[in-house]
Amino acid sequence: MSALSKTLDLDLREARWNEFVATVRPRLTPETRLAEREVLAPKTTMRVGGPARVYAEPATTEELRQLLVEANHRGLPVFLLGRGSNLIIPDEGVDGLVICLAHESWQKFEVRTGGQVWAGAGLRLKNLCGLATKAGLKGFEFLEGIPGSVGGALRMNAGAMGGWMFDVVEEVHLLSLAGELRVMNKSEMHVDYRHCAELHDAIALGALLKPAAIAESGDIRRQIDVYQKKRVESQPREPSAGCIFKNPPGASAGRLIDELGLKGTRVGDAEVSPVHANFIVNRGHATSADIIRLIRQIRARVKSARGIDLEPEVLLYGQEWRDVL
Ligand SMILES: Cc1cc2nc3c(=O)[nH]c(=O)nc-3n(C[C@H](O)[C@H](O)[C@H](O)COP(=O)(O)OP(=O)(O)OC[C@H]3O[C@@H](n4cnc5c(N)ncnc54)[C@H](O)[C@@H]3O)c2cc1C
1271 MSALSKTLDL DLREARWNEF VATVRPRLTP ETRLAEREVL APKTTMRVGG PARVYAEPAT
1331 TEELRQLLVE ANHRGLPVFL LGRGSNLIIP DEGVDGLVIC LAHESWQKFE VRTGGQVWAG
1391 AGLRLKNLCG LATKAGLKGF EFLEGIPGSV GGALRMNAGA MGGWMFDVVE EVHLLSLAGE
1451 LRVMNKSEMH VDYRHCAELH DAIALGALLK PAAIAESGDI RRQIDVYQKK RVESQPREPS
1511 AGCIFKNPPG ASAGRLIDEL GLKGTRVGDA EVSPVHANFI VNRGHATSAD IIRLIRQIRA
1571 RVKSARGIDL EPEVLLYGQE WRDVL
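Numbering (the working numbering), first residue to last: 1271 to 1595.
The following block contains the structure:
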């Protein structure tokens, strides 16, 4: 593409964004937040990355639908942001509409008559566990230390301490990027290790969850304390995005990296955590370029020493790892 056609392309894209904002803004209530060029780094646990071209925190399903339909109509890409705990946001930001279900209307926790729990997609996992414990509902303890939201945990099929998110799911309510509402039973969904296919191109609005049993709050709390202690002992405290790589079949990514002596390896302020080798921590001013370079180095060492291709578990927001690694 010539420099001139690239400039024209960018101008056209910019015009579409301006038209999008001008169209949707008057239709949104003051409860919904809409911002241009919102910096995303502070909305992530790794604390890196540039701005979203447009950022929205819709207050209602109808306003969410409006945003989706108008973006779709103009061919503008849409991305969901949970609590940003499994993401590396590129330094240049994201040329997209970034939607975050941070409004309180998405944070509901309701115990239904059948004993199930309705959890809004914006609810923090920590709050889900706290509220379930108070209600004497057992089965969510393994989620407590995962710093994500229900929506992000569904998309990633997050897991810890032998439990997986979809172990406790009965049904998921989702909105397609075209704005169509759908209720899916767990049995209809395709989920595996850190992945839910149906949420690639759809937004989870919330889920009906099934507690394992009714129990004394004190007993549930004691189990949570055991898990918490394990985490404190085995995970770094500095900003990170959790485990960088998926465990390859039959092996532990952290152990492989550790055995190659890579703990403490640094690129800029991005460092392989000395506490847990499958974590990269931000020592202060890391950029996503530093993190990507470090990921490349780790993968190259593991490949040459062990012949294993480590696959990232963290997501590169708005891009595909295969395009940058
Ligand atoms: C210290 C630390 C410890 C961690 N420990 C664990 C662990 O033990 N187990 C584990 O599995 N993970 C762990 N993680 C990773 C992370 O917390 C989980 O993957 C979590 O589920 C991500 O949720 P989130 O809300 O932060 O999602 P984000 O990181 O914001 O997004 C992740 C993906 O989910 C999508 N998404 C977010 N919300 C929605 C929605 N409503 N609908 C559709 N898609 C959505 C995003 O578009 C993105 O593709 C850890 C992370 C950190 C920093």
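Note that beta-carbon positions come from the ideal geometry of N, C-alpha and C, so glycine has one too.
Across the structure, H1555 and A1485 are spaced so that their CA atoms are roughly 45 Å apart. Between G1422 and N1517 the beta-carbon gap is near 19 Å, outside 8 Å, which marks them as no contact. With contacts defined by Cβ atoms closer than 8 Å, I1369 and L1337 form a contacting pair. According to DSSP, S1419 shares a beta bridge with R1394.
A residue is called buried when at least 16 other Cβ atoms come within 10 angstroms of its Cβ; K1573 does not meet this threshold and is exposed.
Closest by C-alpha distance to R1571, out of D1593, G1354 and A1523, is A1523. In the three-state DSSP reduction, A1273 falls in the helix class (H, G or I). Not one heavy atom of ligand 1 lies closer than 7 Å to the C-beta of S1446. Only exposed fits K1276, as fewer than 16 other CB atoms lie within 10 angstroms of its CB. Residue burial is scored here from C-beta neighbours: G1577 has fewer than 16 other C-beta atoms within 10 angstroms and is therefore classed as exposed.
Following the DSSP letters along the chain, one finds V1572 inside the alpha helix (DSSP H) bounded by residues S1558 to R1576. Each of S1457, I1562, G1531 and L1407 was checked against the Cα of R1491, and the nearest Cα belongs to L1407. Contact annotation: L1367 and A1341 have beta-carbon atoms nearer than 8 Å.
Cβ-Cβ separation between T1535 and Q1567: approximately 7 Å, consistent with a contact (criterion under 8 Å). Listed in chain order, the non-local C-beta contacts of D1471 below 8 Å within the same chain comprise S1446 and L1447, local neighbours out to five positions each way being set aside. Here DSSP, grouped into helix, strand and coil, assigns A1467 to helix.
In this structure, the alpha-carbon of D1437 lies about 12 Å from that of A1477.
Here the C-alpha atom of V1291 lies approximately 11 Å from the C-alpha atom of L1298. Secondary structure note for L1338: its alpha helix (DSSP H) is the uninterrupted segment T1331 to H1343.
Distances from the CB of S1375 to the heavy atoms of ligand 1 are all 7 Å or more.
Here K1516 carries a coil assignment [DSSP, helix/strand/coil]. The nearest non-hydrogen atom of ligand 1 is 7 Å or more from the C-beta of Q1589.
Per DSSP, the continuous alpha helix (DSSP H) segment holding R1592 begins and ends at W1591 to V1594. In the pairwise beta carbon analysis, the segment 1295-1315 is classified as touching the segment 1324-1337: at least three pairs are separated by under 8 Å.
Contact between T1315 and P1509 is confirmed by a C-beta separation of about 6 Å, below the 8 Å threshold.
M1426 has its Cβ nearer than 7 Å to a heavy atom of ligand 1. In the DSSP annotation of this structure, the continuous segment of the beta strand (DSSP E) that includes D1365 starts and ends at V1364 to C1370. Per DSSP, the continuous beta strand (DSSP E) segment holding L1478 begins and ends at A1472 to L1479.
Taking 8 Å as the cut-off, the beta carbon of R1353 is found closer than this to the beta carbon of P1417.
When beta bridges are read from the DSSP output, A1428 appears opposite no residue.
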